[in-house]
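Under this note's numbering, residues 1 to 141 are what the sequence shown spells out, in order. Note that beta-carbon positions come from the ideal geometry of N, C-alpha and C, so glycine has one too. Bear in mind the structure is a predicted one, so any value in this text is a computation, not a measurement.
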Amino acid sequence: MKTNDFIIIHHSATARDKTTLNAINKVHQKLFNYKSSLGWYVGYHYFIAGNGIIRQTRKDADYGAHCRADNMNSKAIGICLSGNFEIEQPSEKQLVSLEKIVERLKKDYNIKNDNILGHCQVLGAKTACPGKNLLSWIERY
Ligand SMILES: [Zn+2]
């Protein structure tokens, strides 16, 4: 059964202001071919574009396709911010939107602060995602 005990934060690892949700949808269709009940192949539940606009691509109750490590696809909500935060900074609007979603999900599902993680902080994950410039936000949160 899908639970919502964790929030896992990702970056797209592509250019912040040029990445479209459709491009991610195509990549994830090839990678996972796992369609959400909202009709998207995007493996994350939420996507935050460079301009801060939030799109929901999977229902919270849908299994994710964003983090196999520690079985997170069945116990987490995945949020992805457009950008490569190893080399660029998240926009102010993206961080405002991220905080808004995180606050709401925490309240809705009683998620503990300790369970809000960057992808690379998940047990067994081998990735730089979500990049050092976003990880610092998560660590401060
Ligand atoms: Zn990731």
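Counting along the chain, the unbroken beta strand (DSSP E) around residue 9 starts and ends at 6 to 11. About 6 Å separates the Cβ atoms of residue 91 and residue 50, confirming a contact at the 8 Å cut-off. In this structure, the alpha-carbon of residue 53 lies about 8 Å from that of residue 94. Between residue 123 and residue 69 a beta carbon distance of about 6 Å is seen, short of the 8 Å cut, so the two are scored as contacting. With a beta-carbon spacing of about 14 Å, residue 66 and residue 56 fall beyond the 8 Å limit used to define contacts.
Looking at the backbone, the Cα of residue 15 and that of residue 112 are separated by about 31 Å. Between residue 72 and residue 8, the CB-CB gap stays under 8 Å.
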